[in-house]
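Presented below is the structure to which this report refers.
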Amino acid sequence: MSQGSPLTQFTTLFDNKTLSILERMRLNPTRRLTNRSRGEHLSGKGGTSTEFSDYRNYVPGDDVRYIDWNIFSRLNRPFMKQYQHEEEMHVVLILDASSSMDYENKFLRCQQLAAAFGVMGLLNFEKVSAYVCHNRGERPQQFLPTTGRGSMKRLFDFLSNIEPGGDSPVESAVDDVLRSHRGRGIAILLSDFESFGDLQRPMNLLYSSGLEIFGVQILAPSEVNPEISGDLRLVDSESGQTLDISSAGDLLGLYHEHRCLLEEHLATLCRQRSGKFLMVNSGDNLEYVLFDQLRRKGWVV
80 MSQGSPLTQF
90 TTLFDNKTLS
100 ILERMRLNPT
110 RRLTNRSRGE
120 HLSGKGGTST
130 EFSDYRNYVP
140 GDDVRYIDWN
150 IFSRLNRPFM
160 KQYQHEEEMH
170 VVLILDASSS
180 MDYENKFLRC
190 QQLAAAFGVM
200 GLLNFEKVSA
210 YVCHNRGERP
220 QQFLPTTGRG
230 SMKRLFDFLS
240 NIEPGGDSPV
250 ESAVDDVLRS
260 HRGRGIAILL
270 SDFESFGDLQ
280 RPMNLLYSSG
290 LEIFGVQILA
300 PSEVNPEISG
310 DLRLVDSESG
320 QTLDISSAGD
330 LLGLYHEHRC
340 LLEEHLATLC
350 RQRSGKFLMV
360 NSGDNLEYVL
370 FDQLRRKGWV
380 V
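Numbered by our numbering, the letters in the sequence shown go through residues 80 to 380 in order.
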């Protein structure tokens with residue numbers, strides 16, 4: 080008897096076992112910035128879901144379908160049944176696909192995390208969209224807002240087919256995204272944040288648009304802990320500019336100080352806007368990032 084063939088992988092971004100765990104997880108926003116349509120995030124407002132909340136007095140003009148006729152028959156007074164309103168949360172994935180991300184699997188980790196967050200949104204009836212930013216002045220590639228398990232394969236295919244390259248700074252990418260996006264919820268910003276621009280303005284724009292910021296900084300192992308010495312010529316992967324350095328080892332202390340200050344600055348920008356921040360090493364095991372780091376930080380439940 081021949082041995083059966085292994086199960087086909089649903090996506091190349093991670094294996095089926097990882098996918099099955101992701102399907103049981105959900106995002107955990109700090110604020111409940113949602114939209115007045117059906118979803119699984121409860122707002123505490125009156126609405127038309129199936130979960131009973133309270134009674135109130137009947138007011139002329141109310142929909143008589145929501146009168147509790149059992150109470151009316153006993154008290155001869157009409158009372159309206161109220162329900163918790165189930166609202167739809169948008170999950171907006173913003174991927175930095177500039178050339179600096181094409182290094183030591185940074186963009187692969189970006190694709191994997193975007194796919195994981197997308198699964199959590201789609202299977203919890205949130206509306207998921209994705210924007211991929213390449214070149215300065217060009218509109219981002221867009222995966223239109225959608226929901227439900229049936230959209231998972233399309234999202235995976237969209238993310239898998241992205242090729243990194245370009246010079247779009249993450250701060251201008253946010254402007255481009257907000258020209259198209261409408262809806263409240265979460266904006267998950269996946270980038271190395273290696274930009275010379277001011278990040279305060281785009282963070283303010285996301286926040287004022289009703290989007291809670293989940294900032295994910297993705298760095299390569301050699302960016303987290305570089306091992307260099309001697310004389311070097313550094314080349315900017317996006318602008319092509321060069322910088323000659325003598326005795327690079329002497330500058331490592333300054334580099335680590337700058338990197339840690341940037342990480343602290345990004346965390347502060349997110350925290351001040353009721354958001355979350357996480358630095359991810361592209362060399363770390365994916366399962367560790369998804370099922371350990373994100374859970375410990377309270378990003379997912």
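Glycine residues also receive a C-beta, built at the ideal position from the N, C-alpha and C atoms. Bear in mind that the values here come from a model prediction, so they are computed numbers and not experimental data.
Check, Outcome
"Burial state of residue 185, where buried means 16 or more other Cβ atoms lie within 10 Å", "buried"
"Beta-carbon spacing of residue 297, residue 188 below 7 Å", "yes"
"Given residue 331 as reference, the closest of 353, 198 and 302 once Cα atoms are compared", "302"
"Distance, residue 225 Cα to residue 299 Cα", "32 Å"
"8 Å Cβ shell around residue 279 - same chain, five flanking residues per side excluded", "348"
"Under 7 Å between C-beta atoms of residue 337 and residue 264", "no"
"Beta-carbon spacing of residue 146, residue 157 below 7 Å", "yes"
"Coil, strand or helix - residue 97 by DSSP", "helix"
"Own chain residues within Cβ distance below 8 Å of residue 109, not counting five before or after", "291, 353, 354 and 355"
"Contact check, residue 222 vs residue 209, beta carbons under 7 Å", "yes"
"DSSP three-state assignment for residue 105, whether helix, strand or coil", "coil"
"Inter-stretch contact at 8 Å, needing at least 3 Cβ pairs: the segment 210-221 / the segment 249-263", "yes"
"Inside the segment 218-283 only - alpha helix (DSSP H) runs reaching at least 4 residues", "231-239 and 249-259"
"Rounded C-alpha distance that separates residue 371 from residue 143", "50 Å"
"Boundaries of the alpha helix (DSSP H) in which residue 191 is found, first to last residue", "185-201"
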